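Engineer: One structure is given below, represented as structure tokens, and several questions about it will come after.
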Amino acid sequence: GAGVSQSPSNKVTEKGKDVELRCDPISGHTALYWYRQSLGQGLEFLIYFQGNSAPDKSGLPSDRFSAERTGGSVSTLTIQRTQQEDSAVYLCASSPKTGNYGYTFGSGTRLTVV
Amino acid sequence: LAKTTQPISMDSYEGQEVNITCSHNNIATNDYITWYQQFPSQGPRFIIQGYKTKVTNEVASLFIPADRKSSTLSLPRVSLSDTAVYYCLVGGDNQGGKLIFGQGTELSVKP
């Protein structure tokens with residue numbers, strides 16, 4: 001597509017429920033990144049993919065967070081048993097390859113856990 | 115990973131030139147310097163990238179001294195629409211995809 005698409009744009013969920021956030025990167029971009037941004041804060045690195053592989057998962061906040069990417073395209077970030085501290089904007093970005101090559105970000109998914 | 119330090123906030127007036135400096139003392143030989151702009155409720159947007167000396171595009175200029183331990187983003191004649199958070203990002207191939215953004219500089223442009 002023309003840009004990075006994320007869905008849903010907004011998600012309100014009850015504490016303890018599981019949520020799935022989707023990212024559709026720019027066609028042909030092999031690198032995909034997930035960041036989290038809490039209200040008024042900077043960007044917190046979560047995970048990146050090179051193709052379908054995630055070489056570094058150390059940024060995931062807890063084992064309730066997982067991510068996958070299939071077909072070198074769409075990625076899903078799953079949060080199990082959501083907690084109120086998970087409330088944030090989850091941003092996805094893609095680039096032609098990994099490294100500092102200029103990311104294109106999506107508009108994010110605003111997650112609110114009530 | 116190169117750590118970056120920027121001013122937390124800056125104020126300016128319409129029509130002025132704004133310079134935002136980022137310190138990155140432990141920048142590596144293969145690292146590039148990239149700046150992003152973020153408006154509220156949007157993802158960051160790529161502005162400019164450089165390795166050394168000066169880079170200019172239709173939006174901004176990036177000045178990088180010879181030692182590369184800092185960089186300055188220059189926005190000419192800012193307008194109200196330039197009010198945003200500006201992030202400096204330093205990295206290259208060796209970190210793979212794990213690139214860490216700093217806290218950013220919140221620029222407020224006043225009429």
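Taken in order, these protein sequences are the chains called Z and D.
Last residue of the first sequence: 114 in the working numbering, with the numbers rising by one and none dropped.
Last residue of the second sequence: 225 in the working numbering, with the numbers rising by one and none dropped.
A virtual CB, placed ideally from N, CA and C, is assigned to each residue, including glycine.
Quick caveat: nothing in here was measured; it's all calculated off a predicted structure.
#1: Rounded to whole angstroms, what's the CA-CA distance from Z:Gln6 to Z:Leu46? Just pull it up for me.
#2: Of all the options Z:Ser94, Z:Gln50, Z:Gly99, Z:Leu77, which has the alpha carbon lying nearest to the alpha carbon of Z:Asp61?
#3: Among D:Phe215, D:Gly216, D:Asp207, which residue has its Cα nearest to the Cα of Z:Thr98?
#4: Could you tell me which of Z:Glu14, Z:Lys15, Z:Glu68, Z:Ser87 sits nearest to Z:Ala31, measuring between CA atoms?
#5: Within 10 angstroms of the Cβ of D:Gly218, are there 16 or more other Cβ atoms? Answer buried if so, exposed if not.
#6: Verify the CB distance criterion: does Z:Gln41 have a CB-CB separation below 9 Å to chain D?
#7: Spatial neighbours of D:Val132 within its chain, please: C-beta separation below 6 Å, excluding the five flanking residues on both sides.
#8: Since D:Asn139 contacts D:Lys183 with CB under 8 Å, what's their CB separation in whole angstroms?
#9: Give the straight-line distance between the Cα atoms of D:Thr118 and D:Leu203, rounded to the nearest whole angstrom.
#10: Among the residues of its own chain, which have a CB less than 6 Å from the CB of Z:Leu43, if the five just before and after it don't count?
#11: Who are the near neighbours of Z:Asn52 in its chain, counting only those whose CB is closer than 7 Å to its CB and skipping five residues on each side?
#12: Looking at the unbroken beta strand (DSSP E) that takes in Z:Leu111, where does it start and where does it end?
#13: Taking the Cβ atom as the reference point for each residue, do D:Tyr200 and D:Leu213 lie within a distance shorter than 9 Å?
#14: Which chain Z residues are close to D:Leu203, counting only those with a beta carbon under 7 Å from its beta carbon?
#15: Output the distance between the C-alpha atoms of Z:Ala93 and Z:Ile79, rounded to the nearest integer angstrom.
#16: Name, going along the chain, the residues of the segment 24 to 37 of chain Z whose beta-carbon falls closer than 7 Å to a beta-carbon of chain D.
#17: From the DSSP secondary-structure annotation, give me the bridge partner or partners of Z:Arg36.
Structural biologist: According to the data block:
#1: 16 Å
#2: Checking the displayed sequence, the identity of residue 61 of chain Z turns out to be Pro instead of Asp. Among Z:Ser94, Z:Gln50, Z:Gly99, Z:Leu77, the Cα nearest to that of Z:Pro61 belongs to Z:Leu77.
#3: D:Asp207
#4: Z:Glu68
#5: D:Gly218 sits buried, since 16 or more C-beta atoms from the chains shown fall within 10 Å of its C-beta.
#6: yes
#7: Within the same chain, Ser126, Leu189, Val192 come within 6 Å of D:Val132 by CB-CB distance, once the 5 residues on both sides are set aside.
#8: 5 Å
#9: 7 Å
#10: Tyr35, Gln37
#11: Arg69, Thr70, Gly72
#12: 109 to 113
#13: no
#14: Chain-ordered, the chain Z residues with CB closer than 7 Å to the CB of D:Leu203 read Asn100.
#15: Z:Ala93 and Z:Ile79 have their C-alpha atoms roughly 18 Å apart.
#16: Ala31, Tyr33
#17: Z:Glu44, Z:Tyr90
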